[in-house]
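> After the structure tokens below, expect a handful of questions from me.
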Amino acid sequence: MTTIASAFERAKRDRRSALIAYLAAGDPDLAMTIALARAVAEAGADIIELGIPFSDPLADGPIIQAAYTRALASGISVKRIFEHLPMIAEVTETPIVLMTALNPVHAYGPDAFCRDAKAAGAAGLLIPDLLPEDASDLREQAHAAGLDTVFLAAPDTTEERLAAAAAASTGFFYLISRRGVTGPEGGVGEELEAEVARARKVCTVPIAVGFGVTAGADARRVAEAADGVIVGSAFVRLASEVFEEAREGNQSHSAARAAAAEAVKAKAQELMDGIRGARSKTARTETERVET
Amino acid sequence: MMMKTATTPGRFGEFGGRYVPETLVPALDELEAAFDRLWNDDDFRAELDMLLLDYVGRPTPLYHASRFSERCGGATVYLKREDLAHTGSHKLNNALGQALLARALGKTRLIAETGAGQHGVATATAAALLGLPCQVYMGRTDMKRQRLNLIRMELLGAEVIPVDSGAKTLKDATSQAIRDWMGSYRDTHYVIGSCVGPHPYPLMVRTFQSVIGVEARRQILEQHGELPDGLVACVGGGSNAIGLFHPFIDDDIPMVGVEAAGAGLASGRHSASLVGGRAGVLHGSYSFLLQDDDGQVAPTHSIAAGLDYPGVGPEHAWLQATGRARYVSVTDDEASAAYSALAKTEGIIPALESSHALAYAMSWGRELGPDGVLLVNLSGRGDKDVVRDDDDG
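Respectively, the protein sequence lines represent chains A and B.
UniProt numbering puts the first sequence at residues 1 to 292.
UniProt numbering puts the second sequence at residues 1 to 393.
Here you go:
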């Protein structure tokens, strides 16, 4: 069993959904990323989704775009992220899924990327602009290296594509809760429950839902339907706001970083409380799985 | 490489395809199906043809520029006068086609990106004609250096949305338009202005722009009696070039795309994606792009806002790879010299974008000498470039 599968199993034993915390690597530097990873792990996050900054992310709203801009301005690179990944693995047992645009992977060389990511301690790979029908080589390379591959579906994805994306996914399957880009705007999609039910019919791995989850109440609603709750922009925005405010208040860099980590930890706890407050669905899910 | 086994549609060799978030796939499928159906629909084609004739003013002339030819080593230079098309460039050929397509799909809003503003103006024009609201994303830098087109778009009833991310130019406007469409595709059509983006855009834009080459081929045969020794067109994303080239693809004549070398290739401040870039993925397709070693899209520079783009249409990447077309680059200074030369010899003020093609014609013409015959796409007029902020980058 991969570390990602184990993380979902552990959450299931706790009769709750998993929290997947997204962080933008190197925003504003890697020391912050390490501090935030520790914070979300301490709050109970089950998986960390680490975003590799890209100059032109198409699926991201202003919050994550700004985070990537800050990270790139600090000189972040894939190589530096790989160098620092073991430090994140050191402070937490939480498995790390790397989220990246395709071009940095292409530039690095997909095979080397998968091997080096695994060697650095990553557990999975998620490339939103690589559709499953184009991913056969990359899946092979990732699986050979020992990385899970996560694919996505969106509200208007056809049944046929949904089934193909689910079948290509190992570790977990990512459902986008609504149309649009990442961020709080629009909240969690109205069709979320129906979307999860649709995916359940064809999906054999845990189903996680992201886009629009910002507060404990959102997490609770998602957790009542899905196996995993993905939260990104809420952490990214909070960390950057608290950090900036502390810096403007003339706090030292490390004090500002600690304040940001503390705020993110509290946010992660709020989300975990939301998840724990969800009506237990483990038994129901089990029944459904057996039936299908 | 991973692109060899790719199966998304819309390939030019290994280039093209669809590298987009899953959210956009249903929108692209819908567009592809509509385009396939309507391009073969007599009523749709009749309406488009009538508008191209009565509204756009096609066919545009093929003009023998005899005084400019003297500056080109005496070679005979014909100009395909897209600058005389309504709105002042070739962009309306595509914007109008896509706007009709959008209306047939029941879309009630148009969005577009623009660099020089020519595509923004064309989309705003098509939107006004069809009574559709229109929003155009434009980088803040380009809003300053192409102010005339900003005013035109607003006069046409479009809303121009400033883009402040990245270098605040065409690349950033394109990214922002795609993000808008991620959430709006159910009621909105995204009118991409060049032969870039995910399938079906490169194919669709080429199809709408091929009217340039179809006319030019007929005209050169009528006026000159035989095909020219070469075709020349500027290449940013590459829509005017692919529109000219495609109908000549089976003819045995050289085709040259001219990219923007900006301050010079060696300076690193340029926009020559094919000449100076590497294969990669930007804005939904696999093509050539300017990028750093880490796969981050590189900053670009060109005096011509419409060429100031790090990517290029995937079909051009393929034409370069197969050798069917050749790609060269021309600096800001060379383009500026050609801009003045055409104005003074012919009384035609070309767009700075098109001036890159003219500059290459001047040097290619000198190589060919008086027996040479070149057909240059004069893709747009230069009124927008008359007043310019010389410290724009």
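Glycine residues also receive a C-beta, built at the ideal position from the N, C-alpha and C atoms.
1) By a C-beta neighbour count over all protein chains shown, 10 Å radius and 16 as the cutoff for buried, is A118(B) buried or exposed?
2) For S287(B), which of T92(A), A197(A), N103(A) and E195(A) has the nearest alpha-carbon?
3) In the segment 285-296 of chain B, which residues sit with their C-beta less than 9 angstroms from some C-beta in chain A, listed in chain order?
4) Less than 9 angstroms between the C-beta atoms of V196(A) and F172(A), yes or no?
5) Just to check my reading of the structure: G237(B) and C195(B) have Cβ atoms closer than 8 angstroms, yes? What is that Cβ distance to the nearest angstrom?
6) Listing by chain order, which chain B residues have their CB less than 8 angstroms from the CB of Y108(A)?
7) Can you pull the chain A neighbours of K171(B), defined as C-beta to C-beta under 8 angstroms?
8) Have a look at S336(B) and L352(B) and give me their C-alpha separation to the nearest angstrom.
9) Sort R11(B), T174(B) and P26(B) by Cα distance to S55(A) and report the nearest one.
10) Taking all protein chains shown into account, decide if N40(B) is buried (16 or more other Cβ within 10 angstroms of its Cβ) or exposed.
11) Could you tell me the distance, in whole angstroms, from the CA atom of S363(B) to the CA atom of D137(A)?
12) Spell out the partners DSSP gives V77(B) in its beta bridges.
13) How many angstroms separate the CA atom of D29(A) from the CA atom of H84(A)?
14) Measure the C-alpha to C-alpha separation of A268(A) and I275(A) and round it to an integer number of angstroms.
15) Among the residues of its own chain, which have a CB less than 6 angstroms from the CB of Y201(B), if the five just before and after it don't count?
16) How big is the Cα-Cα spacing for V47(B) and A357(B)?
17) Please state the DSSP three-state secondary structure of E291(A).
18) So that I know if they touch, is there some Cβ in chain B lying closer than 9 angstroms to that of I230(A)?
19) Mind checking the segment 171-185 of chain A against chain B and listing, in chain order, the residues whose C-beta falls within less than 7 angstroms of any C-beta there?
20) Under 7 angstroms Cβ-Cβ, which residues of chain A neighbour S175(B)?
21) Grouping DSSP H, G and I as helix and E and B as strand, with all else coil, what is A260(A)?
22) Can you pull the chain A neighbours of A178(B), defined as C-beta to C-beta under 7 angstroms?
23) Helix, strand or coil: how does DSSP classify L19(A) here?
24) Can you say whether V236(A) is buried or exposed, counting buried as having 16 or more other CB atoms within 10 angstroms of its CB?
25) Please tell me whether Y309(B) has its Cβ less than 9 angstroms away from any Cβ of chain A.
26) Tell me the DSSP secondary structure of M138(B) in three-state form.
27) With DSSP as the reference, label T188(B) as helix, strand or coil.
28) Between the alpha carbons of L150(B) and G157(B), how many angstroms are there, rounded?
29) Could you round the C-beta distance between A272(B) and S329(B) to whole angstroms and report it? I think they count as a contact, below 8 angstroms.
30) Please state whether DSSP places E190(A) in a helix, a strand or coil.
31) Our contact map puts R16(A) next to A223(A) with C-beta atoms below 8 angstroms; I'd like the distance itself, whole angstroms only.
32) Assign M182(B) to one of three DSSP states: helix, strand, or coil.
33) Considering only DSSP beta bridges, list what S252(A) is partnered with.
34) Taking the beta carbon of V232(B) as the centre, do at least 16 other beta carbons fall within 10 Å, making it buried, or is it exposed?
35) What are the complete alpha helix (DSSP H) segments, minimum 4 residues, inside the segment 222-302 of chain B?
36) In chain A, which residues lie with their C-beta within 8 angstroms of the C-beta of G17(B)?
On the basis of the data shown:
1) Here residue 118(B) turns out to be Gln, not Ala, going by the sequence shown. Classification for Q118(B): buried.
2) N103(A)
3) Those residues of the segment 285-296 of chain B that come within reach of chain A (Cβ to Cβ, closer than 9 angstroms) are Y286, L289, Q291, D292, D293, D294, G295 and Q296.
4) no
5) 6 angstroms
6) D294 and G295
7) Per Cβ cutoff of 8 angstroms: D56.
8) 7 angstroms
9) The option with the nearest alpha carbon to S55(A) is T174(B).
10) exposed
11) 45 angstroms
12) L374(B)
13) 11 angstroms
14) Across the structure, A268(A) and I275(A) are spaced so that their CA atoms are roughly 10 angstroms apart.
15) I192
16) The residue you asked about is not Val; residue 47(B) is Glu in the sequence shown. Roughly 32 angstroms between the two C-alpha positions.
17) At E291(A) the pLDDT is 44, less than 50, meaning the model places this residue with poor confidence and gives no usable figure here.
18) no
19) For the segment 171-185 of chain A, the beta-carbon criterion of a distance under 7 angstroms to any beta-carbon of chain B is satisfied by I176, R179, G180 and V181.
20) D56 and L58
21) helix
22) Here residue 178(B) turns out to be Ile, not Ala, going by the sequence shown. Residues of chain A passing the Cβ test: L58.
23) strand
24) buried
25) no
26) strand
27) strand
28) Each residue's Cα considered, the two are about 11 angstroms apart.
29) 4 angstroms
30) coil
31) 7 angstroms
32) helix
33) BP columns for S252(A) are empty, so no partner.
34) It is buried - the Cβ of V232(B) has at least 16 other Cβ atoms within 10 Å.
35) 239-245 and 273-276
36) Under the 8 angstroms cutoff, chain A gives D134.
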